[in-house]
Every structure is written in C-alpha cells, then in structure tokens.
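*Asks:*
Number of protein chains: 2
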Amino acid sequence: MRAAVMYGAGDVRVETVADPKPRESTDAVVRVVSSCVCGSDLHLYRSMPAVPEGLPMGHEFIGVVEDTGWDVTGLKSGDLVVAPFSYADNTCALCREGLHTSCPEGGIFSGAQAEAVLVPHAEGTLVRLPVEEDSALLPSLLTLADVYTTGHHAAVTAGVRPGKTTTVVGDGAVGLLAVLSARRLGAERIILMGRHTGRTDLGRRFGATDVVAERGPEGIERVRELTGGEGTHTVLEAVGHLDAYETAVGVVRAGGVVSRVGVPQYEQAPIGFSTVFGGNITLTGGPTPVRSYIEELLPDVLEGRVEPGLVFDRSVDLERTPEGYRAMHAREALKVLVRP
Amino acid sequence: MRAAVMYGAGDVRVETVADPKPRESTDAVVRVVSSCVCGSDLHLYRSMPAVPEGLPMGHEFIGVVEDTGWDVTGLKSGDLVVAPFSYADNTCALCREGLHTSCPEGGIFSGAQAEAVLVPHAEGTLVRLPVEEDSALLPSLLTLADVYTTGHHAAVTAGVRPGKTTTVVGDGAVGLLAVLSARRLGAERIILMGRHTGRTDLGRRFGATDVVAERGPEGIERVRELTGGEGTHTVLEAVGHLDAYETAVGVVRAGGVVSRVGVPQYEQAPIGFSTVFGGNITLTGGPTPVRSYIEELLPDVLEGRVEPGLVFDRSVDLERTPEGYRAMHAREALKVLVRP
Chain Z
2 MRAAVMYGAG
12 DVRVETVADP
22 KPRESTDAVV
32 RVVSSCVCGS
42 DLHLYRSMPA
52 VPEGLPMGHE
62 FIGVVEDTGW
72 DVTGLKSGDL
82 VVAPFSYADN
92 TCALCREGLH
102 TSCPEGGIFS
112 GAQAEAVLVP
122 HAEGTLVRLP
132 VEEDSALLPS
142 LLTLADVYTT
152 GHHAAVTAGV
162 RPGKTTTVVG
172 DGAVGLLAVL
182 SARRLGAERI
192 ILMGRHTGRT
202 DLGRRFGATD
212 VVAERGPEGI
222 ERVRELTGGE
232 GTHTVLEAVG
242 HLDAYETAVG
252 VVRAGGVVSR
262 VGVPQYEQAP
272 IGFSTVFGGN
282 ITLTGGPTPV
292 RSYIEELLPD
302 VLEGRVEPGL
312 VFDRSVDLER
322 TPEGYRAMHA
332 REALKVLVRP
Chain W
2 MRAAVMYGAG
12 DVRVETVADP
22 KPRESTDAVV
32 RVVSSCVCGS
42 DLHLYRSMPA
52 VPEGLPMGHE
62 FIGVVEDTGW
72 DVTGLKSGDL
82 VVAPFSYADN
92 TCALCREGLH
102 TSCPEGGIFS
112 GAQAEAVLVP
122 HAEGTLVRLP
132 VEEDSALLPS
142 LLTLADVYTT
152 GHHAAVTAGV
162 RPGKTTTVVG
172 DGAVGLLAVL
182 SARRLGAERI
192 ILMGRHTGRT
202 DLGRRFGATD
212 VVAERGPEGI
222 ERVRELTGGE
232 GTHTVLEAVG
242 HLDAYETAVG
252 VVRAGGVVSR
262 VGVPQYEQAP
272 IGFSTVFGGN
282 ITLTGGPTPV
292 RSYIEELLPD
302 VLEGRVEPGL
312 VFDRSVDLER
322 TPEGYRAMHA
332 REALKVLVRP
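Printed below as a string of structure tokens:
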C-alpha cells in the first residue's frame, strides 16, 4: 500500500510499504477513508533529525474495517469506524476511569496517512459510526479522533461552565475547537488569542466573544483590560510553546485554572510564587483520552448542532500529503484532510 | 512593647518597638496571647540578606482585642480571637469566592511574635473563639491561623476523599497536619514521606498508614512499590524545595493531583510531557485562604475530635524567641509556641 513517511524535518515522502495484517487476536486492519495532518505532526516537520528508516506518519483516521483477529467480536468487516489517536484496551482500571492515554496496553497510532492501518486492541479502540463513508459529516466526525476531543478536554479539565470566563490561547484547529467546546459547555465570555483573521473569524463563528491579536505582554495586558484587570477564570492553552504557557499564566484570574492541551515543546517552565503558586492557580490538562469522550460528543455532530469539521480548509490526495504538510507549515492551510 | 525582629539570616533579636495603635477606622489592636514560629520564617532565617532596619517577625497569633477603630462593630475589647496569617476585607468578590489570600485589600501579617499586633480590616479578618485565654485548646486553635488550614487546603485542593490514596511529602508541621486533614476527609491510605521518627510517629497518630523514610529516587521507588507501581491519586507537597516537588510528581498516579502548599523556593520546575503533561497530572495549591476554612474546622477542634496542636513540641517566652528559631532550624523542635 501507499503511505506517508517522514525522513526528517521538511522531508515527507509517499512510498509503497507492506500491507498491514492482524498480528494479535485483538487486532483489526482498517482501510482508511479519511485522515489528516495534525499540529503535533508539524512539530516534527519543523524539528525532526534526519533518520534513514523513516517514520510512518498520521494518527487521526476514519476508515472501514477490513480484517479482524479472532477475539474481535464487536466489529465486523464493512463497519465504518473512527479511531482515537491512541489505542487502548478500554478494560483496565485507568481506561475505566476515562484515562485511556495512560492505558498500559496503549500507544499512539502512527501510519494513518496511508491506505490502511493496523489497529491493536481494536474493540477497545474503534467506535462505529452510524453513517455511510460518503457522508458530508465525515470531516466533523474525523475531528473526534483528536482535535475536537482535545479542545473538549481542555474545556472539561479547566472546569469551563456557565458563569466562568475563558481565554483560549492559540488559533490553530485545537484552539478553535477549544472555543467551540467552551461555548458548548456554557461559557458566556470567550476571549480568543490569535492573529490570523481567517482563523479568528472561524473562532467567532464557533463562539468567541472577543479576539485579541496582540501577543506576549501586550496580549496579556489586552486580556486584562477586557476583564477589569482580573483575567479569566479558565485559560485553554492550545499551542505548546513556552511563550503560549507564559501568556496563559499571565491572563488567568487568581484562583483560576490553566489547562494545557498543546503538547509542551519545553520541560522547564515558571511555576513559582509570582506566576502560579501565589494566586492559587491550578495547572491541568494533558493528552485527551479520546475514547472516553466520543459517546458524549457524537450526537451533537451527527445532528449538526456543532460543525467542528469547519477546521478543515484544504483536502489533498494521499499522494500529495507532502503538499499538505508544506501548506500547514506555511500557515496557508489551517488543517489538511488527506484522502487515500 | 517587645517584639522579635530579624536582621538577617540567623539574626533574630527581641527589641522594644512602638506600641501599635489603630490608624484606619477598620483597624484593631490585639494583645497577643500566643504566637509561634513558622516554617516559612525559617526560609528567611536561612537565607535573608542582612538589613539595617530589621523585619518584624511572626504571622500566626491568638490574642485579645484591646482597641478598635470606629467602623469595627462586630468585635469588642476583651474578645479572644484567632487571626489568619493574612488579613482581608472578607467582602470583595475574591473573598466571597473563598480566595482571601488574593484580596486586593489584603496582605500578610508581620510582627505577631510580639506583645501586640495592628490588624487591618479587623472585622473581615479576626474570628472570635468561644474559649477563655487559658484554655488547653489554645495550641490547637492557634494552628488554625496557618499550619492546620494549610494542610487542609492541600487536601481540599488535591481532592482527597474516600477511595483516594494520598502521599504527603514532608514531615514538618504542615505535612503532619496535611496527614490529619487527609484522614479527616476520608483518605484510607496515607503515605507520609519523612525521615524524622519523632515526627513520623506523630504522623501515624494523625492517620498516616505508611511511612517512607527514603528520599529522592529511592523514596519515589518505595511509594511506587507500596502502590502496585501506580503512585497515589493525590500528593500533598508540604516542603517547598525543588526536590520535594520532583518527589511529588514522581509518586503521583496518572490522572492524579499534586497540591503544593510549601512556599516554593524555586521559580522554574519541570512540567513537560514526561513529568506532568503526559500523565494528565494536575498541579494545584497555593497559600491557604485561612478565613474561608475556620468555620468548617473549628468545631472538630473545640470538641476534641482532632488535636492539631500536638505539632507544638516546645514553648518559649517572647524574650527567648531567638532560641525558638535556633531549635527549629536545628530540627530539635518541630514547631515552637511563643508566649509574650
């Protein structure tokens, strides 16, 4: 089959690789219907050292079950499914608590920008979709694999609810879907920090009440002006760079919560008296346990009450995946759908 | 009046200073009945640069109201009161939310290791005690000013409750009262990390089920062994040094909460993918809003169901306050009561 493989920063190639086959009795093979490029793929696209063997790319996909191991009884060939970006057994203590990203049997998919994917723990991982594979809802359903559930995780862990003000740091797909999620959970005031008008316009459509284009200290000052000097109760950090973290702690209200869902591109950061401790700021977030959220989020997508798929503003054939990376890297595209 | 004044690391003197008088209509003057030395005083005792003017010390006290400004109507001369370590108006939005340490009118007391204290916002700050000033309950009531409410804040913000396991990092007065608080909130498994047997024995009396004397990587390994490799759902960090933070994030379970109440002696710390983000760890805590907790904690103290005053293992006259600092610094005393 054909698959996108990264060989180093800026070097994505589409190649012929071995077809996946079930290896364990709990595996399935899924033929990919649609996949996409993630902001976290871009972190690699910008910084990955060259590797001779290459790294199969992609962890978000909707597809059709083609083959299953002996122990997979809840899925059958022909089922249309969405996969969380990480697989998990969905039976261990951590999964039962809704923390699928910490499942000891789990791992993050790679190789979904391809014609087919091998899915470990298929029954614990895949969720059947009650639509046809040519449904117009597919882009929105695909966001359940990562970006929508990530934005939702930010809003849930931050404790967004009616009466709480929210700042969203970052106007990428996750930031915009954090806006949508905060709105869905009842936030009335949602300040979106981003400077790309096309993106922040979509943010307004998703529910942002204010847009702050300034960055750094000016951006912090602007959010504080908008909130009577106080900052917002909750801040959803959807970037992952240190300056975004510093902005987040700069705009959070005393006693408030910063939830990080952008994968941190740093290890050390300020959490001392003047930044986090003194104001009783809570820092939360992490990789979203997608599997625990899909059932809750699916009905609104199926019934059209939310349209998270609007974050896709470009679509490429699998053979043109490298072009998708280039466009997202250059910020010409917000999020690129890949169709085998 | 006489008062303890710090002139630099290791240099505490008891001197004659001006008597406090009400300056604002909302002030009161309180004659001190008992005060004490705090772990945070010790941070200064170890590191404060020499200053010519000196720093009045002490922020925990029980006393008798002696004089009040015109606008203080809820308190009268002769009332026995306990003061939170920080004063606050108790009427602003942040106070009403229970975040008195962020009150714009607030501040931290200094000068309570003295014969009397000037109390701003007296009515919002002081809480009357229904006992006499020679009550045997006074040491326990004095812990409400800081160390008991700090331990309680750690347990509350961490979400300690029945079914949740807890590790307490640190066997100082706050750590031991974090144990007591975790027990009071229903934690069944409480692992106390500390290596001073006299203190950890008191920790067991307060409710610790396990004691881990090892520190650093060995201590982390030991807690993980005790918890089937997982760590505990909640960790209460009651020290404030970076190694205690690193221990805390080392022993917390995936999806768990680290609450810091030891004043951080660092600004930068690891919060990246491998330490905090990847496991969806929440970091919370901060200075305890004492005033919001006293009503809840007072009945158990008055009725003898808890005895937090057991953390006091030495008492000195005000004139011998420097000896109290020396004994705590040398770890000969856990916490020293000061009586004018």
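Chains as they are written, first to last, in our numbering: chain Z, 2 to 341; chain W, 2 to 341. Beta carbons are placed, not taken as given, at the ideal position from N, Cα and C, and that holds for glycine.
Residue ranges of each alpha helix (DSSP H) run of no fewer than 4 residues wholly in the stretch 111-181 of chain Z, ordered along the chain?
*Replies:* Counting only runs of 4 or more, we get 123-126, 139-143 and 148-159.
*Asks:* Short of 8 Å Cβ to Cβ, which residues in the stretch 266-298 of chain Z face chain W?
*Replies:* Result list: Y267, E268, Q269, A270, P271, I272, G273, F274, S275, T276, V277, F278, G279, G280, N281, I282, T283, L284, T285, G286, G287, P288 and P290.
*Asks:* So, does the CB of Z:T228 fall closer than 8 Å to a CB anywhere in chain W?
*Replies:* Numbered from 1 along the first sequence, position 227 holds the residue referred to as residue 228 of chain Z. Chain W, which has no Cβ nearer than 8 Å to the Cβ of Z:T228, makes this no.
*Asks:* Please report whether the beta-carbon of W:V264 lies at a distance below 8 Å from any beta-carbon of chain Z.
*Replies:* The count along the second sequence starts at 1 and reaches residue 264 of chain W at position 263. Taking Cβ atoms only, chain Z reaches closer than 8 Å to W:V264, which makes this a yes.
*Asks:* Under 7 Å between beta-carbons, which chain Z residues line up against W:R261? List them in chain order, please.
*Replies:* Position 260 of the second sequence, counted from the first residue, corresponds to residue 261 of chain W. Going along chain Z in sequence order, the residues near W:R261 (Cβ under 7 Å) are F278.
*Asks:* Per DSSP, what kind of secondary structure is Z:L100 in: helix, strand or coil?
*Replies:* As a working note, residue 100 of chain Z is residue 99 in the first sequence. Looking at Z:L100 - three-state DSSP - the assignment turns out to be coil, as it is neither helix nor strand.
*Asks:* Output the distance between the C-alpha atoms of Z:A209 and W:T167, rounded to the nearest integer angstrom.
*Replies:* Numbered from 1 along the first sequence, position 208 holds the residue referred to as residue 209 of chain Z. Numbered from 1 along the second sequence, position 166 holds the residue referred to as residue 167 of chain W. Going from the Cα of Z:A209 to the Cα of W:T167 covers about 39 Å.
*Asks:* Quick one: Cα of W:A156 to Cα of W:V170, how far?
*Replies:* Residue numbering aside, residue 156 of chain W sits at position 155 when the second sequence is read from its first letter. Residue numbering aside, residue 170 of chain W sits at position 169 when the second sequence is read from its first letter. The straight-line gap from Cα to Cα measures roughly 12 Å.
*Asks:* What in chain W is Cβ-close to Z:E98, meaning under 8 Å?
*Replies:* Numbered from 1 along the first sequence, position 97 holds the residue referred to as residue 98 of chain Z. Ordered by position in chain W, the residues that pass the 8 Å Cβ test against Z:E98 are G256.
*Asks:* Could you tell me which of Z:F274, Z:S48, Z:D68 and Z:Q266 sits nearest to Z:V1, measuring between CA atoms?
*Replies:* Chain Z is shown from 2 up to 341; residue 1 of chain Z falls before or after that span and cannot be answered.
*Asks:* Considering Z:F62, what are the terminal residues of the beta strand (DSSP E) in which it resides?
*Replies:* For the purposes of this step, residue 62 of chain Z is taken as the residue at position 61 of the first sequence. Its beta strand (DSSP E) spans residues F62 to T69.
*Asks:* Following the continuous alpha helix (DSSP H) through Z:S41, name the residue where it begins and the one where it ends.
*Replies:* Along the first sequence, one-based indexing puts residue 41 of chain Z at 40. Note, Z:S41: alpha helix (DSSP H), G40 to S48.
*Asks:* Is there a Cβ from chain W that is less than 8 Å from the Cβ of Z:L95?
*Replies:* Within the first sequence, numbered from 1, the residue matching residue 95 of chain Z stands at position 94. Chain W, which has a Cβ nearer than 8 Å to the Cβ of Z:L95, makes this yes.
*Asks:* Along the chain, where does the beta strand (DSSP E) containing W:E215 start, and where does it finish?
*Replies:* For the purposes of this step, residue 215 of chain W is taken as residue 214 along the second sequence, with counting starting at 1. Element bounds for W:E215: n/a, residue is neither H nor E.
*Asks:* Are the C-beta of W:S182 and some C-beta of chain Z separated by less than 8 Å?
*Replies:* The sequence position of residue 182 of chain W within the second sequence is 181, counting from 1. No - not a single Cβ of chain Z is within 8 Å of the one on W:S182.
*Asks:* What residues are listed by DSSP as bridge partners for Z:E238?
*Replies:* Within the first sequence, numbered from 1, the residue matching residue 238 of chain Z stands at position 237. Z:V170 and Z:R261.
*Asks:* Applying the 10 Å Cβ sphere with the 16-neighbour rule, what's the burial state of Z:R292?
*Replies:* Within the first sequence, numbered from 1, the residue matching residue 292 of chain Z stands at position 291. It is buried - the Cβ of Z:R292 has at least 16 other Cβ atoms within 10 Å.
*Asks:* Could you work out which residue in W:V277, W:Y88 and W:A146 is closest to W:F346 when comparing CA atoms only?
*Replies:* Because chain W here runs from 2 to 341, residue 346 of chain W falls outside it and cannot be looked at.
*Asks:* At a Cβ cut of 9 Å, what residues of the stretch 102-131 of chain Z count as close to chain W, listed as they run along the chain?
*Replies:* Those would be T102 and S103, in chain order.
*Asks:* Quick one: grab the DSSP three-state call for Z:L76.
*Replies:* Position 75 of the first sequence, counting from 1, holds the residue named residue 76 of chain Z. In the structure shown, Z:L76 sits in coil (DSSP, three-state: anything other than H, G, I, E or B).
*Asks:* Please name the residue in Z:G257, Z:L284 and Z:L298 whose C-alpha comes closest to that of W:E98.
*Replies:* Taking the first residue of the second sequence as position 1, residue 98 of chain W is located at position 97. With distances taken between Cα atoms, W:E98 lies closest to Z:G257.
*Asks:* Buried or exposed for Z:K336, going by 16 or more other Cβ atoms inside 10 Å?
*Replies:* By one-based count along the first sequence, residue 336 of chain Z stands at place 335. The residue in question, Z:K336, is buried, as its Cβ has 16 or more Cβ neighbours within 10 Å.
*Asks:* Once the 5 residues before and after Z:K22 are set aside, which same chain residues still bring their CB inside 8 Å of it?
*Replies:* Position 21 of the first sequence, counted from the start, is the residue given in the question as residue 22 of chain Z. Around Z:K22: V30, D68 and L119.
*Asks:* Are W:V312 and W:A174 closer than 8 Å when you measure CB to CB?
*Replies:* Walking along the second sequence from the start, residue 312 of chain W turns up at place 311. Walking along the second sequence from the start, residue 174 of chain W turns up at place 173. In this structure, W:A174 lies closer than 8 Å to W:V312 by Cβ.
*Asks:* By the DSSP assignment, the alpha helix (DSSP H) with Z:G251 in it spans what residues?
*Replies:* For the purposes of this step, residue 251 of chain Z is taken as the residue at position 250 of the first sequence. L243 to V252 is the extent of the alpha helix (DSSP H) around Z:G251.
*Asks:* Taking the C-alpha atoms as reference points, what is the distance between Z:P300 and Z:L142?
*Replies:* Residue numbering aside, residue 300 of chain Z sits at position 299 when the first sequence is read from its first letter. Residue numbering aside, residue 142 of chain Z sits at position 141 when the first sequence is read from its first letter. Using only the alpha carbons, I get a separation of about 10 Å.
*Asks:* Taking the beta strand (DSSP E) that Z:Y8 belongs to, which residues open and close that run?
*Replies:* As a first step, residue 8 of chain Z is located in the first sequence; it is residue number 7 there, counting from the start. Taken as a continuous stretch (DSSP letters only), the beta strand (DSSP E) holding Z:Y8 covers R3 to G9.
*Asks:* Go ahead and pull the three-state DSSP assignment for Z:L319.
*Replies:* As a position in the first sequence, residue 319 of chain Z is number 318, starting the count at 1. Looking at Z:L319 - three-state DSSP - the assignment turns out to be helix.
*Asks:* DSSP three-state label for W:P271, please.
*Replies:* If you number the second sequence from 1, residue 271 of chain W lands on position 270. Looking at W:P271 - three-state DSSP - the assignment turns out to be strand.
*Asks:* Could you tell me which residues DSSP puts in a beta bridge with W:I17?
*Replies:* Here residue 17 of chain W is taken as the residue at index 16 of the second sequence, counted from 1. In the sequence under discussion, the amino acid at residue 17 of chain W is Thr, which differs from the Ile named in the question. W:T17 pairs with W:R3.
*Asks:* What distance in whole Å lies between the Cβ atoms of Z:A214 and Z:R196, which are believed to be in contact at a cut-off of 8 Å?
*Replies:* Taking the first residue of the first sequence as 1, we reach residue 196 of chain Z at position 195. Taking the first residue of the first sequence as 1, we reach residue 214 of chain Z at position 213. About 4 Å; that satisfies the 8 Å criterion.
*Asks:* Is W:V277 helix, strand or coil when you go by DSSP?
*Replies:* Your numbering for residue 277 of chain W matches position 276 in the second sequence. Helix at W:V277.
*Asks:* Apart from the five residues on each side of it in sequence, which residues of its chain come closer than 6 Å, Cβ to Cβ, to Z:A249?
*Replies:* As a position in the first sequence, residue 249 of chain Z is number 248, starting the count at 1. V170, V236, E238 and V259.
*Asks:* Pull up the DSSP beta-bridge partners for W:A328, would you.
*Replies:* If you number the second sequence from 1, residue 328 of chain W lands on position 327. DSSP output for W:A328 lists no bridge partner at all.
*Asks:* Is W:P290 closer than 8 Å to W:L100 when the C-beta atoms are compared?
*Replies:* The residue you call residue 100 of chain W lines up with position 99 of the second sequence. The residue you call residue 290 of chain W lines up with position 289 of the second sequence. Contact flag set, yes.
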